[in-house]
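Peer 1:
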Amino acid sequence: MKISGKLRSLLLWMVLASGLAWAWQEGKLEPVVKFGREIIFGKPPQKPTAKDFKFEPVTRLDIHQKVLATGTVTLKTGAEVKIGARISGQVKSLLVKIGDFVRSGEVIAVIEHEDLLSRVARFQADLNAEKARLEKIRAEGPLEISKALAEREELQVQIKLAQKMLERNQELNKKGFVSTTVLDEAEERLEVLKAQIRLANEELKLKQSQLENDTRLSEAMVDKAQANLQEEEIQLTYATIMAPIDGIVAFVSTQEGETVVASLSAPTFVNLIDLRKLEVTVFVDETDIGRIKVGQTAKFTVDTYADQFFDGKVREIHPKAVIKDNVVNYEVILDIEKRDVAKLRPEMTANVVITTGTREKVLALPKEAIKREGKKTFVVMQANGGLEDRPVELGWRDGGNIEVISGLDESDRVGIPDKPLERKERGRRP
49 MKISGKLRSL LLWMVLASGL AWAWQEGKLE PVVKFGREII FGKPPQKPTA
99 KDFKFEPVTR LDIHQKVLAT GTVTLKTGAE VKIGARISGQ VKSLLVKIGD
149 FVRSGEVIAV IEHEDLLSRV ARFQADLNAE KARLEKIRAE GPLEISKALA
199 EREELQVQIK LAQKMLERNQ ELNKKGFVST TVLDEAEERL EVLKAQIRLA
249 NEELKLKQSQ LENDTRLSEA MVDKAQANLQ EEEIQLTYAT IMAPIDGIVA
299 FVSTQEGETV VASLSAPTFV NLIDLRKLEV TVFVDETDIG RIKVGQTAKF
349 TVDTYADQFF DGKVREIHPK AVIKDNVVNY EVILDIEKRD VAKLRPEMTA
399 NVVITTGTRE KVLALPKEAI KREGKKTFVV MQANGGLEDR PVELGWRDGG
449 NIEVISGLDE SDRVGIPDKP LERKERGRRP
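So the sequence shown is numbered by the working numbering: it starts at 49 and just counts up by one.
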C-alpha cells in the first residue's frame, strides 16, 4: 500500500505530539515559551542541591558605614610662597632651579646693587657728620652755660659788696665823715652792677634756650640721616633674595642677566612649595554630606600608589556648594597623616573612603550568600534533608560583607554558592 506524502507527514506529527505529551505528563519536559497558540517544550532547569553550596556559620564582624568620593591632593594655605623682586635691576646671580630643595634663609638670587652700596655709604657719611655735630653741641653748649653762670655769680658777689659799701657810706655821711659825692658814687656803682646782673640773666636764659634748640635740631638731623640710611639699607637687603620657608622650587621665570622691574606688586620669578603641608580636598555628593562629621577617619588611594592606602581625618566641611559635572557637591578637607605626606604631590587624584559610622560585633554574611527576589532577600539553608530559602533583613554593607538585622542566629550556617547559579525562567502550563 502506497502512503501519500501528506499522510506520511501527518503520521510523523502525530507520533511527535504523542511523545511530547508523554514526556510532559512524566515531568520530563515543561513548556518554557508560550507564544500565541504555540507551546515550545524544553528540559526543566536543574534545581540546586547541597553540593552546589559551601555552608559556613554566620559570623560577627565590625561593619563600617562609608561614603565614597573623589578628591584632589592640594596645598594648605601658606604652603606655596611666591617670591619676587622688590627692587628693579639686573639679575646678577640665580642660585636655584626647578626641583631644588632650599631651606629658610638660603639665598635664591642676587640683583645688581652697586648703586645701592654707594647710596648707603653716602648716607652713612651724612649720619656720621650729623652725629659729630650733635656731639659738639652737647659738649660745647654746657661749657657756655657754665661760663655764664660763673659770671652771674661773680656779679652777685659784687652786688653784695656794693650794697654793704653803700650802707656803710650812708652811715658815715650822716656823721659827716663822707661827702655826698662819695655816697652818690656808691649808689651809682650798685645800680650798674644790678643792671649787669639783669643782662647776665638774660644772656644765660638765651644760651640755655639756644642749647636746647640746637640740641633738638641736631637730634632731628641725626634721626633723619639715620632714617635715610635705614631706608637704603632695607633697599640693599632686597637685592639679596632669600627663601622665606623650607621648600621645593616649583617655578622659575627669570635667568641671570635679565632685568626685573619692581612695581606695586612684586614680579614673581620663583615659587616655593612646602610639600609637608598637604591636604585632600574631597568632593562629597549632596546625598552623602549629611553623614560627614569633623574628626571622622578616612582612607584614600592615588593612582601612582594604587595598592597603598593613605590615612586621613576630616578637618573642615565647607558650607558652600560646588557644582561639578552638573552635580551638587560639597568640599570636605582631610588632614593627611604625617608619615604619608612624603609620597604625595599636589593635584594627585584621590579615591576617598570616609568612615561615617561603625556597628561593632554584628551578625554578617558575605554578599555572595544573599539571594534577591524583587525587594525580598533570602539565604539558603539546609533543612529536612534539602534546601530552604530563609528570609532575612539586611543592614549596612561594608565591602564584601552585609549586616544581618534579623532572620538568623549566630549558630546558623548559610549556603554560599561554589559558582554563580544559572538563572532560568520556568514556563507555565497552558
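Using N, Cα and C, we set each Cβ at its ideal position, and we do this for glycine too.
(1) If the criterion is Cβ atoms closer than 8 Å, does the pair aspartate 383 and glutamate 451 meet it?
(2) So is threonine 122 buried or exposed if we call it buried at 16+ other beta carbons inside 10 Å?
(3) Hey, threonine 285 and isoleucine 131 are a contact pair by Cβ (cut 8 Å); roughly how many whole angstroms apart?
(4) May I have the straight-line CA-CA distance separating leucine 109 from threonine 120, to the nearest angstrom?
(5) Please give me, in chain order, every unbroken run of the alpha helix (DSSP H) with length at least 4 that falls completely inside the region 378-447.
(6) With a CB to CB cut of under 6 Å and the five nearest residues on each side skipped, what residues in its chain are close to lysine 82?
(7) Using CA atoms only, rank isn't needed, just tell me which of Val240, Arg134 and Val106 is closest to serine 208.
(8) Which residues does DSSP list as the beta-bridge partners of leucine 142?
(9) Helix, strand or coil: how does DSSP classify proline 96 here?
(10) Between which two residues does the beta strand (DSSP E) carrying isoleucine 453 extend?
(11) With DSSP collapsed to three states, give me the class of alanine 369.
(12) Please report the straight-line C-alpha distance between isoleucine 146 and isoleucine 296, rounded to a whole angstrom.
(13) Please report how far the alpha carbon of threonine 288 lies from the alpha carbon of arginine 134, in whole angstroms.
(14) Just mark valine 342 as buried or exposed, buried being the case when its beta carbon has 16 or more other beta carbons within 10 Å.
(15) Alpha carbon to alpha carbon, what distance is there between aspartate 163 and isoleucine 282?
(16) Among the residues of its own chain, which have a CB less than 6 Å from the CB of valine 350, if the five just before and after it don't count?
(17) Return yes when the Cβ of arginine 393 is within less than 8 Å of the Cβ of isoleucine 381, no when it is not.
(18) Can you tell me which of the three DSSP states tryptophan 72 falls into?
(19) Could you tell me the boundaries of the beta strand (DSSP E) in which glutamate 260 lies?
(20) Note down the Cα distance separating valine 318 from alanine 417, rounded to an integer number of angstroms.
(21) Short check: CB of isoleucine 111 to CB of alanine 412, under 8 Å?
(22) Check whether the region 273-282 touches the region 170-184, counting contact only when three or more Cβ pairs, one atom from each stretch, lie closer than 8 Å.
(23) Compute the beta-carbon to beta-carbon distance between valine 308 and valine 139, rounded to the nearest angstrom, for a pair I have assumed lies under 8 Å.
(24) Exposed or buried, asparagine 249, counting other C-beta atoms within 10 Å across all chains shown (16 or more means buried)?
Peer 2: Inspection of the coordinates gives the following:
(1) no
(2) buried
(3) Actually they do not touch by this definition, with Cβ atoms about 14 Å apart.
(4) 32 Å
(5) 386-389
(6) Residue placement at lysine 82 is flagged as unreliable, the pLDDT there being 37, under the threshold of 50; the coordinate-derived value follows with that caveat. Excluding sequence positions up to five before and after lysine 82, its CB lies less than 6 Å from no other CB in the same chain.
(7) Note on residue identity: the sequence assigns lysine, not serine, to residue 208. Residue Val240 is the option with its Cα nearest to lysine 208.
(8) Beta-bridge annotation (DSSP): leucine 142 is paired with Ala157.
(9) coil
(10) Run containing isoleucine 453: 449-454, per the beta strand (DSSP E) assignment.
(11) strand
(12) About 8 Å.
(13) 10 Å
(14) Around the C-beta of valine 342, fewer than 16 other C-beta atoms lie within 10 Å, and the residue is accordingly described as exposed.
(15) 14 Å
(16) Take valine 350, set aside five residues on each side of it, and the residues of its chain with a beta-carbon closer than 6 Å to its own are Met396 and Ala398, in chain order.
(17) no
(18) In this prediction, tryptophan 72 has a pLDDT of 48, which is less than 50 and means its spatial position is unreliable; what the coordinates show is noted afterwards. Residue state, collapsed to three classes: helix.
(19) No beta strand (DSSP E) contains glutamate 260, which is instead part of the alpha helix (DSSP H) from 228-286.
(20) 60 Å
(21) yes
(22) yes
(23) 6 Å
(24) Around the C-beta of asparagine 249, fewer than 16 other C-beta atoms lie within 10 Å, and the residue is accordingly described as exposed.
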